[in-house]
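Enquirer: Chains as they are written, first to last, in our numbering: chain A, 209 to 323; chain B, 6 to 269.
Note that beta-carbon positions come from the ideal geometry of N, C-alpha and C, so glycine has one too.
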């Protein structure tokens, strides 16, 4: 059976410490069937330090995913990247999720959060 | 009904002829399969059945004579009225077709006889329609999305519109699984999506009763978010509860789709 799947790619998490946020790219789909895995995976990364989460390439993201994001944003240091051209951008605007246009802006925001 | 061959085999035992509306708008009464009432068959023998095409995108209406009969009028006039109204309703969800046939054919003085109407359409896709039925289980979400996406892409709809429809329908299906079906995979969920010059209209029907906008449903985290997302992505969200289930219809881009080539 085909199920909902997402994939996380961490570009620079190896050897990072609390001052250097890891950038995590999420691809694929998040819905109520796999949202707990999504939330737990990001939460585990955030336990090791701040995270920049690039969501620009997700192909489906539902209200359960947005509830998880709200939880994660409260849970620790997280900045979300959604490119202005991304399909998911309109949904993040509707859901009032704070997003950054690119990783650079997100890293700056994390640095401000930490200071 | 033979889904592979896209045909229906029927026989009428005393009821009025079923009405078939094909995707091109042709309305035909299926009058080839009349036979004696089942109990009389023992004596009369001679089973008769007819066959007709039933491709995806078509609609079939079964009804009792109370729906078309009016005092002082020929049956033909009633049948013509039914056929003409059913053609107008071809691209509406089956539940709405039932409601509107009954409302539209009721004489001012009310029906003289009792009325039963069954409206059915085959699963599958046509150029203008997508009809899907699947168990109320979260494991069905991804495959159902994939089927819908494939059809939406075949209509050459704008990618932003495709995203909005898939996300909006996804939230309606979430509600149908959670509230309409209480996560019971024995229950079925039906999606009917229609494309036209006036945009995309998508209906999700479940077999349960629930209050779409109740305070209780807004209190729960992702549920309130789902309602917000659905209402903001669609131009219009209509929830119709009935004794048989709840139907949510989302309309997208009615105005925009009419001016071809426009983008958001």
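Does the region 185-202 of chain B come into contact with the region 233-242 of chain B, if we say contact requires no fewer than three beta-carbon pairs (one atom in each stretch) closer than 8 Å?
Expert: As far as the Cβ criterion goes, the region 185-202 of chain B does not touch the region 233-242 of chain B, which means the pair count is below three.
Enquirer: Can a CB atom of chain A be found closer than 9 Å to the CB of residue 63 of chain B?
Expert: Not closer than 9 Å to any Cβ of chain A, the Cβ of residue 63 of chain B fails to qualify, so no.
Enquirer: Verify whether the separation of the beta carbon atoms of residue 181 of chain B and residue 137 of chain B is less than 9 Å.
Expert: Against a cut-off of 9 Å, the Cβ pair of residue 137 of chain B and residue 181 of chain B comes out as no contact.
Enquirer: When DSSP labels each residue in this structure, what does residue 78 of chain B get in the three-state scheme?
Expert: It is coil, neither helix nor strand.
Enquirer: Where residue 309 of chain A and residue 287 of chain A are concerned, what is the direct C-alpha to C-alpha distance, given to the nearest angstrom?
Expert: When rounded, the distance between both Cα atoms is 11 Å.
Enquirer: Which of helix, strand or coil does DSSP assign to residue 188 of chain B?
Expert: In the structure shown, residue 188 of chain B sits in coil (DSSP, three-state: anything other than H, G, I, E or B).
Enquirer: Going straight from the alpha carbon of residue 262 of chain A to that of residue 215 of chain A, what length do you get?
Expert: Approximately 12 Å between the Cα atoms of the pair.
Enquirer: Please classify residue 229 of chain A as buried or exposed, where buried requires at least 16 neighbouring CB atoms within 10 angstroms.
Expert: It counts as buried.
Enquirer: Using only the alpha-carbon positions, how far apart do residue 76 of chain B and residue 22 of chain B sit?
Expert: In a straight line, the C-alpha of residue 76 of chain B is about 19 Å away from that of residue 22 of chain B.
Enquirer: Please list the partners that residue 244 of chain A has in chain B, where partner means a Cβ-to-Cβ separation under 8 Å.
Expert: Simply none; closest approach about 11 Å.
Enquirer: How is residue 277 of chain B classed by DSSP in three states: helix, strand or coil?
Expert: This structure cannot speak to residue 277 of chain B, because chain B is shown only from 6 to 269.
Enquirer: Please identify the residue among A:267, A:246 and A:317 whose C-alpha is closest to the C-alpha of residue 171 of chain B.
Expert: Taking only the C-alpha atoms, the option nearest residue 171 of chain B is A:267.
Enquirer: Excluding the five sequence neighbours on either side, which residues of its own chain have a C-beta within less than 7 Å of the C-beta of residue 26 of chain B, listed in chain order?
Expert: Closer than 7 Å at the Cβ level, and outside the excluded window around residue 26 of chain B, lie 32, 63, 64, 91, 92 and 95.
Enquirer: At which residue ranges does the region 226-274 of chain A contain complete alpha helix (DSSP H) runs of 4 or more residues, listed in the order of the chain?
Expert: Segments of the alpha helix (DSSP H) lying fully in the region 226-274 of chain A: 243-255.
Enquirer: In chain order, what residues of the same chain have a beta carbon less than 7 Å from the beta carbon of residue 292 of chain A, not counting five sequence neighbours either side?
Expert: Same-chain partners within the cutoff: 309.
Enquirer: Just mark residue 224 of chain B as buried or exposed, buried being the case when its beta carbon has 16 or more other beta carbons within 10 Å.
Expert: Because the pLDDT at residue 224 of chain B is just 46, under 50, the model does not fix this residue reliably, and the point stays unresolved.
Enquirer: Run through DSSP, which three-state label would residue 21 of chain B get?
Expert: Residue 21 of chain B falls in the coil class under three-state DSSP.
Enquirer: Need the endpoints of the beta strand (DSSP E) that residue 124 of chain B sits in, please.
Expert: It spans 122-125 - the beta strand (DSSP E) in which residue 124 of chain B sits, taken as one unbroken run.
Enquirer: With a threshold of 7 Å on Cβ separation, who are the neighbours of residue 37 of chain B within its own chain once the five nearest residues in sequence on each side are excluded?
Expert: Here the set comprises 55.
Enquirer: I need the DSSP call for residue 250 of chain B, collapsed to helix, strand or coil.
Expert: In the structure shown, residue 250 of chain B sits in a strand (DSSP, three-state: E or B).
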